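Residue numbers (the working numbering): 1 to 754.
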């Protein structure tokens with residue numbers, strides 16, 4: 001706290017001082033003294049001025065000697081903060097180098113494999129592949145290559161490498177700008193590998209044309225994708241899988257269904273189907289799901305996960321009648337979101353949410369107030385788009401709470417007094433909201449009540465850990481925490497608990513949920529009374545009766561021999577290691593693996609436990625990629641063959657899923673954040689409001705996207721593809737102006753005057 005105070009004080013008195021718009025911790029301690037020399041920095045603690053950039057400023061504060069003197073006024077907390085930041089930066093830089101080198105090796109190997117294949121087929125050695133040394137032997141002049149079909153070799157000893165890199169980047173960026181390629185596409189590993197392979201090939205590489213891109217190359221990529229996903233198919237057979245369904249309508253009111261398969265190692269897109277001309281009856285959906293079950297293998301499918309729509313409830317009934325050993329479950333993400341929506345509609349919480357919305361809408365409605373807010377929050381947005389409407393509400397309330405002091409300073413500043421909007425009704429109302437102790441107390445109360453369920457929402461919505469074994473138990477914990485946060489006052493907590501129980505009934509208390517709850521050793525070993533709960537035990541017996549319908553011998557083995565061993569902690573179940581290993585529910589604990597280690601004496605029960613504890617409880621992995629299908633199906637009369645469209649969706653959808661899985665591994669990210677603000681629209685604009693300026697949507701989009709770029713949540717919307725992009729060269733050319741989806745956050749237009 002001391003360091004922050006001193007930073008503010010010194011920084012505010014430095015005439016002409018500037019700070020960069022950066023999240024780097026070094027800017028908490030340094031400013032640019034003047035515009036005459038932007039390479040020098042001034043320490044706001046001791047006043048020392050030196051060159052070397054913000055990295056050296058952190059060394060100065062952290063007392064890292066060698067390049068700069070130590071700051072005599074930095075506290076231990078300041079030093080530790082900067083030192084940790086320096087260490088983290090080194091680790092990230094090292095990891096990035098290793099990753100890039102891995103991509104280069106992989107790209108080089110793929111290229112060499114292709115060359116070897118050609119050599120073998122021709123029976124003679126192919127022409128030499130251009131190697132790394134050719135970086136210094138061949139001029140980068142693609143225009144000349146395209147024009148005459150060959151390049152000139154000259155001595156490049158005097159050419160600076162940086163100039164060559166810049167030359168290449170200019171051509172890449174030019175193509176990207178002309179073709180409206182979204183910037184995030186350049187972060188994909190596939191782009192980095194493409195650049196590496198082109199570099200290894202050398203000059204004169206012929207460009208692929210439309211026909212090979214739309215047919216033979218697309219087929220090859222489909223086969224490559226299938227090969228990459230073979231490990232998932234193996235997992236389906238070993239530990240079972242879930243069929244996830246999602247039905248939605250796009251912006252052109254076309255009705256589309258997605259089917260995905262989820263297992264312990266990730267989600268795989270299986271197929272999409274446009275069914276605009278067909279009634280969405282339970283029978284119709286069931287037939288589509290049935291075909292998917294046949295494709296995956298009925299013996300591998302443990303459950304089908306859908307949302308709570310009425311026709312899906314009908315699917316559950318049909319599934320139970322025709323395939324009783326495959327269970328239907330409701331999407332936990334959808335159900336928990338309904339719980340939160342219901343709680344948020346209670347008068348005391350709705351009042352706070354409405355006040356907060358009016359505040360954010362007012363701020364984002366005017367250029368002046370928006371600029372003021374960003375100035376006081378150091379360019380941080382107060383709105384945080386979430387993956388659902390309520391996720392946006394919670395994250396935005398959290399953001400407002402974090403920026404309470406900055407907002408108070410803004411509304412008590414001379415700048416606000418002089419602002420023309422301060423005297424308008426909505427400006428006065430916003431001032432009263434920000435300066436109201438009751439409002440901020442209400443925000444704190446909302447966060448306390450919502451947080452326990454949001455914690456469960458994060459767990460079930462994260463794709464990388466199976467959550468079936470935790471849903472029921474964590475909702476119980478959430479209810480206890482809510483009761484505690486309200487001081488045990490039944491008058492206050494009863495309406496909330498009633499909403500949770502109502503939404504949960506018939507959805508998240510199924511035989512599958514309760515059986516996985518009992519077979520999760522984290523709950524069983526930490527609650528001695530769980531095995532005596534009659535509701536749980538009756539449901540578990542129903543589960544085994546359904547799973548082994550008509551096979552009384554296996555039912556007897558599991559219920560009378562295997563299950564008692566687990567409940568009484570007999571054999572390996574009672575070992576010190578088994579007990580210790582399930583004591584804490586942390587990132588290292590996997591209940592399915594626990595059974596694999598300690599369930600050797602109960603083979604039937606162990607197999608069941610490992611299968612159901614490896615299941616997801618949500619279909620959000622299927623829902624999040626709807627834009628892939630919409631991006632491909634954009635023209636009114638798309639002349640691409642159905643097979644090509646399906647192949648495109650298959651490749652793009654699965655590529656997005658695999659890319660997302662790579663990015664999430666080992667990262668501490670906010671899974672509820674979205675990279676576009678569709679679900680946060682109600683916090684940004686009021687459709688009935690006419691007292692607003694024309695704030696450019698892209699201005700808001702870019703900042704919001706930047707603010708959450710480190711937390712990828714949804715698959716980014718793909719660039720719209722047109723039949724002209726992929727049609728055969730023999731087809732007639734149709735010249736139309738291409739339109740592209742925005743790559744950023746989608747914000748509604750607002751109107752008014754400045």
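We treat Cβ as the ideally placed atom computed from N, Cα and C, and that holds for glycine. Model, not experiment: these values are computed from the prediction.
Given a cut-off of 7 Å on the beta-carbon distance, is the pair residue i and residue j in contact?
{"i": "residue 332", "j": "residue 643", "result": "no"}
{"i": "residue 267", "j": "residue 506", "result": "no"}
{"i": "residue 391", "j": "residue 220", "result": "no"}
{"i": "residue 436", "j": "residue 362", "result": "no"}
{"i": "residue 203", "j": "residue 679", "result": "no"}
{"i": "residue 546", "j": "residue 324", "result": "yes"}
{"i": "residue 355", "j": "residue 376", "result": "no"}
{"i": "residue 51", "j": "residue 39", "result": "yes"}
{"i": "residue 342", "j": "residue 165", "result": "no"}
{"i": "residue 647", "j": "residue 229", "result": "no"}
Excluding the 5 residues preceding and the 5 following residue i in the sequence, name in chain order all residues of the same chain whose CB lies nearer than 8 Å to its CB.
{"i": "residue 326", "result": "293, 298, 301, 302, 303, 304, 319"}
{"i": "residue 756", "result": "What the structure shows of the chain is the stretch from 1 to 754, and residue 756 is not part of that stretch, so it cannot be assessed."}
{"i": "residue 579", "result": "525, 569"}
Might you give, ordered along the chain, the residues of its own chain that have their beta carbon closer than 7 Å to the beta carbon of residue i, omitting 5 neighbours on each side?
{"i": "residue 761", "result": "An answer regarding residue 761 cannot be provided, because it is not within the stretch 1 to 754 covered by the chain."}
{"i": "residue 565", "result": "571, 573, 601, 602"}
{"i": "residue 334", "result": "307, 308"}
{"i": "residue 415", "result": "372"}
{"i": "residue 508", "result": "330, 332, 335, 471, 472, 475"}
{"i": "residue 311", "result": "280, 281, 282, 285"}
{"i": "residue 397", "result": "356, 443, 446, 447"}
{"i": "residue 2", "result": "A caution first: residue 2 carries a pLDDT of 41, below 50, which makes its placement in the model unreliable, though a value can still be read off. If we look at residue 2 and ignore the five residues flanking it on each side, its Cβ neighbours are 75."}
Taking residue i as part of the beta strand (DSSP E), name the residues at either end of that continuous run.
{"i": "residue 788", "result": "Residue 788 lies beyond the residue range present for the chain, which begins at 1 and ends at 754; the question has no answer from this structure."}
{"i": "residue 306", "result": "301 to 306"}
{"i": "residue 51", "result": "49 to 51"}
Span of the alpha helix (DSSP H) holding residue i?
{"i": "residue 168", "result": "161 to 179"}
{"i": "residue 440", "result": "437 to 461"}
{"i": "residue 761", "result": "A question about residue 761 goes unanswered here, because the residues of the chain that appear run from 1 up to 754."}
{"i": "residue 223", "result": "216 to 228"}
{"i": "residue 404", "result": "404 to 411"}
{"i": "residue 276", "result": "Looking at the DSSP string, residue 276 is not in any alpha helix (DSSP H), and its letter there is neither H nor E."}
{"i": "residue 330", "result": "No alpha helix (DSSP H) holds residue 330; the beta strand (DSSP E) holding it covers 327 to 330."}
{"i": "residue 787", "result": "Residue numbering for the chain in the displayed model covers 1 to 754; residue 787 lies beyond these limits and cannot be assessed."}
{"i": "residue 588", "result": "Residue 588 -> no alpha helix (DSSP H), and no H or E assigned at all."}
{"i": "residue 197", "result": "189 to 201"}
{"i": "residue 294", "result": "282 to 296"}
{"i": "residue 607", "result": "603 to 612"}
{"i": "residue 544", "result": "534 to 547"}
{"i": "residue 348", "result": "347 to 365"}
{"i": "residue 684", "result": "That residue, residue 684, is in no alpha helix (DSSP H); it is neither H nor E in DSSP."}
{"i": "residue 310", "result": "310 to 322"}
{"i": "residue 384", "result": "Residue 384 -> no alpha helix (DSSP H), and no H or E assigned at all."}
Taking all protein chains shown into account, decide if residue i is buried (16 or more other Cβ within 10 angstroms of its Cβ) or exposed.
{"i": "residue 177", "result": "exposed"}
{"i": "residue 426", "result": "buried"}
{"i": "residue 91", "result": "exposed"}
{"i": "residue 260", "result": "buried"}
{"i": "residue 175", "result": "exposed"}
{"i": "residue 442", "result": "buried"}
{"i": "residue 581", "result": "buried"}
{"i": "residue 418", "result": "exposed"}
{"i": "residue 365", "result": "buried"}
{"i": "residue 599", "result": "buried"}
{"i": "residue 496", "result": "buried"}
{"i": "residue 60", "result": "buried"}
{"i": "residue 801", "result": "No answer is possible for residue 801: it lies beyond the span of the chain, which begins at 1 and ends at 754."}
{"i": "residue 384", "result": "buried"}
{"i": "residue 586", "result": "exposed"}
{"i": "residue 588", "result": "exposed"}
Take residue i and list the residues in its own chain whose beta-carbon comes closer than 6 Å to its own, dropping the five residues that flank it on each side.
{"i": "residue 401", "result": "443"}
{"i": "residue 529", "result": "none"}
{"i": "residue 655", "result": "none"}
{"i": "residue 660", "result": "none"}
Does the beta carbon of residue i sit closer than 7 Å to a beta carbon anywhere in chain B?
{"i": "residue 219", "result": "No chain B is part of this structure, which consists of one protein chain only."}
query = Just checking, does the segment 602 to 610 make contact with the segment 548 to 563 on the three C-beta pairs under 8 Å criterion?
reply = yes
request  = Flag this pair as touching only if the segment 282 to 293 and the segment 237 to 247 have three or more C-beta atom pairs under 8 Å; answer yes or no.
outcome  = yes
ask   = Is the segment 436 to 450 in contact with the segment 346 to 354, if contact means three or more CB pairs nearer than 8 Å?
value = yes
message = With a threshold of 8 Å, are at least 3 pairs of Cβ atoms found where one atom belongs to the segment 67 to 84 and the other to the segment 43 to 50?
response = yes
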